[in-house]
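Notes follow the structure.
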Amino acid sequence: MILCMDMDAFFASVEQSANPHLRGKPIAVIGAKERTVVVTSSYEARACGVKTGMSKYEAMKACPHVTLVTASSGKYTYISTEINKYLRTITPEVEVYSIDEAFLDISKTDINPVDAAYMIKSFVKKTFNITCSVGVGPNKLIAKMASGVNKPDGFHMVEPDEVIDFIDGFELGDIWGIGRRLAKRFRELGIFSPKDLRDFGQDRLEDMFGIYGTRLYKMVCGQYADGVVSEEPPVKSIGHSMTMPVFLTKREEALNYLLQLSEMVSARARKNGFAGKTVHLTIRDTQMGNIGKRKTFGFFTSATHHIYEEVVSIFDEIWDKTPIRLLGVTLGSLVSEYVALTNIMDEFQKYPQLYDAIDKINSKFGKHTVSYASVLNCKRIGAKTISPAWRPEGTRNVDITSD
Amino acid sequence: MILNLHEKVRVGAVFENSPRPVWFSLRGEKVTVKDICYRWKERAGNDIVHKYTVTDGLNVFELSFSGLDACWYLEGMDEGDGK
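Residue numbers (the working numbering), protein chains in the order written: chain S, 1 to 403; chain P, 404 to 486.
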């Protein structure tokens, strides 16, 4: 059987647990001090209409007595890491799905699912004074959906012979992986429920969606082929993006952030032993419109100065002077176990020694201890928000800087 | 109201498996730690910073202890609704 452990309002619960003044009160956790959105909220705030993704002004309008708490990301990543260490004592087959969610395959253990769920819930409550919900099912889809049934502090187990009845209890849009947009498309075809979709037939779904049609049909039959992936899948790219504390209107301001992002990408490539051959720049404007462009180097590189040079040339090519809300830099077409910090075209040939010195200092004293002087002009330095791709270890483990 | 401070403070602590703050000085006054509400660790380079939220029964304080320089800091305080 597969277990899905899902923390209940994770960041908000941690803040309430850490600060007795916040317990029982509506609180919303926001990403950072400056312009930002609600990352999560307590159940008390949700009852007042506060939702994830609202701006802090919308949250205060919905619930005037809501307390806004700036995310303390180091706390959340520590707790997530400790919980995942514990999960691996139950079974090595653990897939960290996000900072607050994990799947466990206990098929090869002697522990029964009810005991495993009880152990996890007890550990989380006793160690961190917060709660989680656990769903159990014959596959990841059913376990994931079962974890949401009795939230918060819930437990629900679905036996293999109950799968169809269980899945039929959901609306199409509430099935994990189908989503509201696809459900709307089905509604327009007169398909409203999982049973309707089964009756629609596998062949017609395959005609419409190809391989994904097969997957959809199996999902509404309660089947899910993807198992628990405990090994980190190969990294395809390394990227960082940053929402600006204030909209950027000047090229010089943007270049400071591009240098910072290039250094963050390069530092992670250097640390994890990757070099890339393409770089992609994303610019998001104030209306949430994105523009971006990819360029290919004539060589593999892990170096900040190569990435930055290419990113600036893309920036000058595509930026139309529209105020900038977000910038993102991604190094792609990666090769592993290879770090390239210089090439014969560089006039300065001691880049490897320079990067080595930077990495040694930052590794000893903390990130951004040594950086480029122009990065000091940035009002925001370092990753402040936890990416959905964050993992407790490996290449996807990024140190988050608290405000 | 939450105040961010990051002030170096004197702390009386018991060092068991990890340091446990018992009292600290705040503006010349000794504040007794009635309860450790939460504890966690953060890494800053080679340094492991032990962090705590503690209460004297009235206010909530965030303390940190840097293992590298063996110093305590009062990171912030929450006076609640001010009552």
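Built from N, CA and C at the ideal position, the CB exists for glycine as well. On a predicted model such as this, the values are computed, not experimentally measured, just so you know.
- [ ] Tell me whether S/D105 is buried or exposed, calling it buried when 16 or more other Cβ atoms sit within 10 Å of its Cβ.
- [x] buried
Open item on the list: Distance check for S/A9 and S/Y43, CA to CA, integer angstroms please.
Closed with: 7 Å
Task: CA-to-CA distance, S/F209 to S/Q410, given in whole angstroms - done: Here chain S comprises residues numbered 1 to 403, so residue 410 of chain S is not present and cannot be evaluated.
Task: S/M1 to S/P138 span [Cα, whole Å] - done: 5 Å
TODO: Check each candidate in S/N150, S/D100 and S/S241 and name the one with the smallest Cα separation from S/V265.
DONE: S/S241
Open item on the list: Cβ closer than 8 Å: which chain S residues qualify as neighbours of P/T458?
Closed with: P20
Task: Continuous alpha helix (DSSP H) stretch holding S/F200: start and end - done: P194 to F200
- [ ] Could you pull out every residue in the same chain whose Cβ sits closer than 6 Å to the Cβ of P/K486, ignoring the five residues on either side in sequence?
- [x] Low per-residue confidence applies at P/K486: pLDDT is 41, beneath 50, and the placement is therefore not dependable enough to give any value.
- [ ] Report yes or no: do the stretch 174-181 of chain S and the stretch 216-229 of chain S share at least 3 C-beta pairs separated by less than 8 Å?
- [x] yes
Open item on the list: What I want to know is whether the C-beta of S/F103 ends up closer than 6 Å to one or more non-hydrogen atoms of the ligand ATP.
Closed with: In the structure shown, the ligand ATP is absent, as is every other ligand, since no ligand is present at all.
Open item on the list: Please list, in chain order, the residues of the stretch 363-377 of chain S that have any C-beta partner in chain P closer than 8 Å.
Closed with: S363, K364, F365, G366, K367 and T369
Open item on the list: Could you pull the DSSP bridge partners for S/S55 from this structure?
Closed with: S/V37
Task: 4 or more residues per run - each alpha helix (DSSP H) lying fully within the stretch 70-121 of chain S - done: 73-90
Task: Contact under 7 Å by Cβ, P/A447 with S/G366 - done: yes
Task: Cβ distance (whole Å) where S/C48 is taken to contact S/G135 below 8 Å - done: The Cβ separation is near 27 Å, so there is no contact.
Open item on the list: Once DSSP output is grouped into helix, strand and coil, what is the label at S/D403?
Closed with: In this predicted model, S/D403 has a pLDDT of only 49, less than 50, meaning its place in the structure is not dependable; the value taken from the coordinates is given anyway. Residue state, collapsed to three classes: coil.
Open item on the list: Can you tell me whether P/E465 is helix, strand or coil according to DSSP?
Closed with: strand
Task: Contact under 7 Å by Cβ, S/S374 with S/N256 - done: yes
TODO: Report, in whole angstroms, the separation of the C-beta atoms of S/L341 and S/G276, which I expect to be a contact under 8 Å.
DONE: Their Cβ separation, rounded to whole angstroms, is 13 Å, which puts S/L341 and S/G276 out of contact at 8 Å.
Task: According to DSSP, residues forming a beta bridge with P/P424 - done: P/A416
TODO: Indicate whether S/T282 and S/G328 have their beta-carbon atoms separated by less than 7 Å.
DONE: yes
Task: Helix, strand or coil at S/F10 [DSSP, three-state] - done: helix
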